[in-house]
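Residue numbers for the sequence shown follow the numbering used here, beginning at 4 and rising by one.
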Amino acid sequence: MITKSAEAKAGTDDGKSDYFSRMSELDHEQLVFCQDNETGLKAIIAIHSTVLGPAMGGSRMWNYATTEAAVTDALRLARGMTYKSAMAGLNVGGGKAVLIGDPDVLKSETYFRRFGKFIESLNGKYVTAGDVNITVKDLSYIHAETRHVTGLPENVGGSGSSSVITAYGTYMGIKSAAKYAYGQDSLEGKKIAVQGVGSVGINLLPYLKKENAKIYISDVDTARLQFAAREYGAHIVSQEDIYQIEMDIFAPCALGAVINDVTINKLKCNVIAGAANNQLEHEEKHGEALRQKAIVYVPDFVVNAGGIMAVAAEYFKEYNKAFIYQKVENIYTACTDILQYAETNNIIAQKAAILLAEQRIHSIGNLKKSM
Ligand code: NAD
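Rendered as structure tokens:
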């Protein structure tokens with residue numbers, strides 16, 4: 004088993020592989036390359052920060068075109084996890100693992116157990132969970148080799164699917180943003196467009212229905228759309244129209260980068276609050292464009308923190324469903340604080356959230372040093 008910290012110029016596929024510079028730019032602590040010929044495992048674990056606690060973040064399996072692309076994804080996602088957990092008030096830091104290759108070809112028990120051994124070798128500095136293309140079965144294999152894995156099924160003592168609680172947190176984010184935009188958080192009669200009725204989106208709809216919101220939905224999956232329309236009285240709109248219908252609130256729950264040069268000109272809403280990760284194609288540029296249009300945007304990584312709250316509690320053996328739901332309600336206040344901080348300091352909400360997260364990391368870091 005070979006685990007080595009990244010070396011400058013370790014990658015060779017283009018000129019941007021000075022990994023030390025890139026780690027320094029994003030203030031990363033450690034980058035770990037894991038390789039195993041027997042199983043074909045090629046994984047990169049990015050540990051952005053362990054100031055608040057172990058670096059926690061899911062493993063993603065993807066057939067990256069280059070090592071460079073995989074490193075970029077790992078570094079960016081791990082940093083996002085640091086901010087997400089810090090803003091969620093958790094005592095965990097940020098990390099992420101990317102597994103390079105085709106899931107249909109590579110996945111096996113040995114492959115994931117080998118990966119589990121690599122995680123174990125980090126002695127709890129990195130804690131993994133599920134992400135794109137990683138199932139609970141895969142996590143169970145990892146769990147056979149390390150206890151530094153969370154998000155396990157309920158039948159083995161885990162917290163189960165995180166999408167239900169993520170949907171609840173998203174609902175809290177929507178209500179908080181509505182309160183800020185309209186002076187009250189009731190969603191009664193509000194036209195809410197939910198893009199994507201997958202695991203999170205579909206679990207958001209009952210909350211919106213209960214408040215008598217007018218729900219509009221889009222998805223690429225017709226069966227899901229029809230089910231959601233039938234079950235929650237939602238109106239189906241096309242993938243293009245979801246950006247341009249007259250609406251009060253837009254809730255992206257499918258894809259990243261949906262707030263971009265093209266869609267910003269189409270959007271006719273007062274609020275954007277949804278679960279999808281990385282909604283702003285360019286954080287500064289598109290965050291500012293929303294501010295100019297007086298659209299209230301609550302940062303995705305704050306709104307969608309319900310899942311990390313649940314898996315962190317599971318890891319620390321504190322998981323209790325009722326207690327976690329109560330904690331997730333704090334997303335409402337976190338969003339209000341961010342929006343107010345942004346307004347007071349005349350900055351975009353995304354930046355406000357990052358600054359508040361950094362403040363918490365800094366002050367708790369100092370607290371730890373002082374004893
Ligand atoms: P999912 O794959 O279950 O659902 C995504 C849905 O979006 C699917 O129904 C898919 O058909 C649909 N979709 C794909 N392309 C679309 C398009 N162009 N237009 C409209 N719909 C489209 O994923 P999920 O778990 O529901 O996650 C949704 C988003 O929330 C993702 O960005 C994810 O990263 C983020 N998120 C999820 C969780 C979680 O706990 N599941 C936690 C945090 C963040």
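Every residue, glycine too, gets a C-beta built ideally from N, C-alpha and C.
{"query": "Pick out whichever of 71, 124, 66 and 184 has its Cα sitting closest to the Cα of residue 106.", "result": "66"}
{"query": "Could you name each continuous beta strand (DSSP E) segment of 3 residues or more that falls completely within the region 78-153, going from the start of the chain to the end?", "result": "96-103"}
{"query": "Tell me which same chain residues have a C-beta within less than 8 Å of the C-beta of residue 159, skipping the five on either side of it?", "result": "143 and 146"}
{"query": "For the ligand NAD, is there any heavy atom lying closer than 7 Å to the beta carbon of residue 225?", "result": "no"}
{"query": "So, for residue 103: in the same chain, excluding its five sequence neighbours on each side, which residues have a beta-carbon less than 6 Å away from its beta-carbon?", "result": "45, 67 and 73"}
{"query": "Measuring CB to CB, does residue 130 end up less than 8 Å from residue 318?", "result": "yes"}
{"query": "State yes or no: is the C-beta of residue 61 within less than 8 Å of the C-beta of residue 120?", "result": "no"}
{"query": "Is residue 256 helix, strand or coil by DSSP?", "result": "coil"}
{"query": "I need the straight-line Cα distance from residue 226 to residue 208, nearest angstrom please.", "result": "16 Å"}
{"query": "Under 7 Å: does the beta carbon of residue 165 sit that close to some heavy atom of the ligand NAD?", "result": "yes"}
{"query": "Sort 180, 269, 220 and 258 by Cα distance to residue 284 and report the nearest one.", "result": "258"}
{"query": "So within the region 264-349, which uninterrupted alpha helix (DSSP H) runs reach at least 4 residues, ignoring any that extend past its ends?", "result": "264-269, 286-295, 303-306, 309-318, 324-331 and 333-348"}
{"query": "Does the Cβ-Cβ distance between residue 315 and residue 253 come in under 8 Å?", "result": "no"}
{"query": "Quick one: residues in its chain with C-beta nearer than 6 Å to the C-beta of residue 10, no 5 flanking neighbours on either side, listed in chain order?", "result": "Caution is warranted here: a pLDDT of 33 is assigned to residue 10, below 50, making its placement in the model unreliable, and no coordinate value can be reported."}
{"query": "Output needed for residue 263: all residues of its chain with C-beta closer than 6 Å, excluding positions within five of it in sequence on either side, in chain order.", "result": "284"}
{"query": "Does the Cβ of residue 256 lie closer than 7 Å to at least one heavy atom of the ligand NAD?", "result": "yes"}
{"query": "Are three or more beta carbon pairs between the region 299-315 and the region 363-372 nearer than 8 Å?", "result": "no"}
{"query": "Take the Cβ of residue 274 as the centre, count every other Cβ of all protein chains shown within 10 Å, and call the residue buried at 16 or more, exposed below.", "result": "buried"}
{"query": "Just verifying my parser: in three-state terms, what is the DSSP assignment at residue 62?", "result": "strand"}
{"query": "Does DSSP classify residue 12 as helix, strand or coil?", "result": "For residue 12, the pLDDT reaches just 39, beneath the cut-off of 50, and the residue's location in the model is therefore unreliable, although a value from the coordinates is still provided. The answer is coil: DSSP assigns residue 12 none of H, G, I, E or B."}
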